[in-house]
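Protein chains in written order, with our numbering: chain A, 1428 to 1643; chain B, 23 to 200.
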């Protein structure tokens, strides 16, 4: 004989009323446990993340404030004059007029005669004398003078704008030919990161700029 | 009286045990409720106390103040970049004027230079003089520079010829710079 167990609503109700005192606290404990695992623990973990984020934000804010104070303290006119000197020394493009001026001023001040003003401009395209990865224009200069005046010319050229570098000197009696490169540097693309601004010029760099200001 | 056949006593014992379980369950549920409420309030208060929002506002505020100074920052960046390059070029470029001065100082007055070539690595000199001792003096001076590591690393005498017709000596030297 098959006994059929009927688990209907009245049975549930009877079971509930009979075990009510167990069921309710057990359900509360279970719900609390679920709440604790599902909500309170993740919220607690989130608190730690918030604390970490606070620390990071605090550091960033301090850094930003330091940068803001630093930028505010930089003297605009002083910075402009330094940038002007630096740009004259290292022009952003091929400064032919500046080069001719530097050579002719050097020649006049040292008393050498430029050989019929016959200096040979080397390759002027992008390929031109990329010496040590620094873009430059190579010029072969011929001057007529004695050795002392040539030395003086070299000295004057070393302290002329745009910056130049003599890579070789050939003296034959009174005719000296020298290979000179004049440097330039295009302005790089500027990406300002407010959190990592360039620092102020170092004492060495400031000294160099001050020294160069007397070259002009 | 045997306890094994006392059904009433057993029933009381079970009821007592059930009551204890119910009591424990109730206490546990109340504690659970309390703990959940306590931690919920604690987390809420701690979150409420967090200065993160204020910090984020302060960050945005400072960023907007800095953005006004961006042109100045750009000029500073350009100046700094350019000066670094200039410094690099100046420190790297050889001082030919000084080198030539040192070499010329080593050459006696009665020795004339017919060819003098110098670059970053080498120096080649062709000199003539009617005095052999002056030529010797020049050689001594140049060799001394190798010894004192003043300018040269090595000196090679390429040749020494005598021009009988003019009565002059011609010396050819190659030197490797330091």
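Note that beta-carbon positions come from the ideal geometry of N, C-alpha and C, so glycine has one too.
Residue interval of the beta strand (DSSP E) (run including residue i)
i	result
residue 191 of chain B	190 to 199
residue 1567 of chain A	1563 to 1571
residue 72 of chain B	Premise fails: residue 72 of chain B is in no beta strand (DSSP E) and is neither H nor E.
Residue i to residue j span [Cα, whole Å]
i	j	result
residue 1646 of chain A	residue 54 of chain B	Residue numbering for chain A in the displayed model covers 1428 to 1643; residue 1646 of chain A lies beyond these limits and cannot be assessed.
residue 93 of chain B	residue 1583 of chain A	35 Å
residue 130 of chain B	residue 162 of chain B	11 Å
residue 1607 of chain A	residue 1535 of chain A	18 Å
residue 191 of chain B	residue 1602 of chain A	22 Å
residue 1470 of chain A	residue 65 of chain B	7 Å
residue 1481 of chain A	residue 1615 of chain A	35 Å
residue 1439 of chain A	residue 1467 of chain A	33 Å
residue 97 of chain B	residue 1617 of chain A	10 Å
residue 1479 of chain A	residue 1489 of chain A	15 Å
Neighbour-count burial assignment, residue i, 16 or more Cβ in a 10 Å radius
i	result
residue 1637 of chain A	exposed
residue 60 of chain B	exposed
residue 1526 of chain A	buried
residue 133 of chain B	buried
residue 1588 of chain A	buried
residue 1509 of chain A	buried
residue 1553 of chain A	Here residue 1553 of chain A scores only 46 on pLDDT, less than 50, and its place in the model is too uncertain to base an answer on.
residue 1473 of chain A	exposed
For residue i, the first and last residue of its enclosing alpha helix (DSSP H)
i	result
residue 166 of chain B	154 to 169
residue 99 of chain B	92 to 114
Below-8 Å beta-carbon distance, residue i vs any chain B residue
i	result
residue 1531 of chain A	no
residue 1476 of chain A	no
residue 1607 of chain A	no
residue 1471 of chain A	yes
residue 1449 of chain A	yes
residue 1610 of chain A	yes
Chain E within 8 Å of residue i, Cβ atoms only
i	result
residue 130 of chain B	Here the protein chains are A and B, and chain E is not one of them.
Proximity test, Cβ basis, 8 Å: residue i and chain A
i	result
residue 92 of chain B	yes
residue 65 of chain B	yes
residue 103 of chain B	yes
For the region 1621 to 1631 of chain A and the region 96 to 107 of chain B, state whether three or more C-beta atom pairs, one from each stretch, are separated by less than 8 Å. Yes: the two stretches touch, three or more of their Cβ pairs being nearer than 8 Å.
Mind the definition here: the region 79 to 98 of chain B touches the region 1602 to 1611 of chain A only if three or more C-beta pairs lie below 8 Å; say whether that holds. no
With three or more beta-carbon pairs closer than 8 Å as the criterion, would you say the region 1532 to 1541 of chain A touches the region 1562 to 1575 of chain A? yes
The region 111 to 118 of chain B in contact with the region 1588 to 1595 of chain A per 3-pair CB rule at 8 Å: The region 111 to 118 of chain B and the region 1588 to 1595 of chain A touch, with no fewer than 3 CB-CB distances between them shorter than 8 Å.
Counting pairs of beta carbons, one from the region 1516 to 1533 of chain A and one from the region 1499 to 1508 of chain A, are three or more of them closer than 8 Å? no
How do the region 146 to 156 of chain B and the region 180 to 197 of chain B stand: do at least 3 beta-carbon pairs fall below 8 Å, yes or no? yes
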